[in-house]
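Position 188, counted from 1, in the sequence shown is what my numbering calls 189; the numbers after and before it change by one each time, with no gaps. Okay, so here's the structure we're looking at.
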Amino acid sequence: MYIILGPPGAGKGTLSEYLVEKTGIRHISTGDVLRDRMKKGDAFAKKIKALLDRGELLDNETINSMMLELMQSLKDDFVLFDGYPRKMGQATFIDEHFKVTGVIFVTCPDELIVKRLSSRRICPKCGRVYNLITMPPKEDNLCDVCKVKLIQRDDDKPDAVKRRLELYHKETQPLYDYYNNKGLLKEVDSSKPLNDFLEEGLRVFNSFNK
Ligand code: AMP
């Protein structure tokens with residue numbers, strides 16, 4: 002299995018989609034898994050929503066058992082984890098249960114992240130992601146496919162973004178050294194033009210298998 006790590010809004014999802022298209026890898030984003038789970042509307046869904054809207058992280062136990070269950074149901078390890086691990090206790094859990102082949106660390110300065118997240122919009126129906134500056138929809142504020150009005154994720158609003166960045170630096174950034182020391186990590190800079198970022202990401206991904 003492969004892991005894509007980096008700050009929120011750095012472009013992990015965008016690069017993941019590109020790698021799916023080019024290599025056929027299965028992409029599992031914990032954020033998407035959680036947002037999907039939220040649709041059930043039960044007590045657990047409400048708990049997830051409250052945490053996500055504030056930009057807080059779920060506890061390791063919940064995330065680890067959700068991901069283990071999901072992986073056991075797939076029986077396939079050509080998988081790209083996006084947004085997992087986000088804390089050391091998740092990285093050690095992964096090592097106990099799976100074999101990590103490579104880790105792509107997407108880098109991006111905080112100022113650019115804040116700018117990107119504040120202009121990110123999503124389609125509430127299909128989940129397609131747009132950016133009002135770099136990847137705008139064809140018609141003003143409407144999803145190109147569903148023609149539904151785009152929305153801003155609650156956790157892309159300024160207070161939640163601030164909290165997500167704080168937690169990223171405290172909890173997730175230490176994973177850089179963890180995987181670098183194991184010789185598994187390669188960096189990709191997402192502050193460069195989109196196509197260059199995607200091509201570099203694909204090149205790095207392919208280099209793990211050589
Ligand atoms: P994302 O779509 O990757 O930005 O994730 C959205 C939100 O889901 C995060 O801000 C967290 O609240 C939660 N989340 C996603 N992945 C994890 C994880 N591995 N551990 C804890 N919380 C997570």
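Glycine included, each C-beta is placed from N, C-alpha and C at the ideal position.
If you count every other CB in all the chains shown that lies within 10 Å of the CB of aspartate 157, and 16 or more means buried, which is it?
buried
Those residues which DSSP pairs with phenylalanine 45 across a bridge:
Per DSSP, none; premise fails for phenylalanine 45.
To the nearest angstrom, report how far apart arginine 121 and leucine 71 are at their CA atoms.
28 Å
In chain order, which beta strand (DSSP E) runs of at least 3 residues are fully inside the segment 34 to 87?
List check, beta strand (DSSP E) in window: 80 to 83.
Using the DSSP secondary-structure output, state which residues sit across from aspartate 190 in a beta bridge.
Thr108
Assuming lysine 1 contacts leucine 69 under a Cβ cut-off of 8 Å, what Cβ separation, rounded to an integer in Å, is found between them?
Residue 1 lies beyond the range of the chain shown here (2 to 211); nothing can be said about it.
Is the beta carbon of histidine 78 sitting closer than 9 Å to the one on lysine 100?
Histidine is not the amino acid found at residue 78; the sequence shown has aspartate there. Yes, the pair counts as a contact, with Cβ atoms nearer than the cut-off.
As assigned by DSSP and simplified to three states, the class of valine 115:
helix
Based on Cα-Cα distance, which residue from Gly7, Ile26 and Gly12 lies nearest to phenylalanine 206?
That would be Ile26, whose Cα lies nearest to the Cα of phenylalanine 206.
DSSP on lysine 126, reduced to helix/strand/coil?
coil
Of the residues Glu18, Asp155, Ser208 and Ile4, the one placed nearest tyrosine 1, counting alpha carbons only:
Given that the chain is displayed from residue 2 to residue 211, the structure contains no residue 1 and the question cannot be resolved.
Under 9 Å between C-beta atoms of cysteine 109 and cysteine 124:
no
Opposite leucine 166 in the DSSP bridges: which residues?
For leucine 166, DSSP assigns no beta-bridge partner whatsoever.
Under a three-way DSSP split, which group does arginine 154 fall into?
coil
Distance between proline 138 and aspartate 145 (C-alpha atoms, nearest Å):
Approximately 6 Å between the Cα atoms of the pair.
Return yes when at least one heavy atom of the ligand AMP lies under 8 Å from the C-beta of isoleucine 105, else no.
no
For glycine 12 and lysine 76, what's the separation of their Cα atoms in angstroms?
Each residue's alpha carbon lies about 28 Å from the other.
Just how far apart, CA to CA, sit threonine 102 and tyrosine 180?
Cα-Cα distance, rounded: 11 Å.
Between the alpha carbons of valine 149 and aspartate 155, how many angstroms are there, rounded?
Between valine 149 and aspartate 155, the C-alpha separation is close to 18 Å.
Residue interval of the beta strand (DSSP E) (run including isoleucine 29):
27 to 30
Judging by CA-CA distance, which residue of His170, Ile105, Gly90 and Asp178 is the nearest neighbour of aspartate 190?
Ranked by Cα distance from aspartate 190, the first of His170, Ile105, Gly90 and Asp178 is Ile105.
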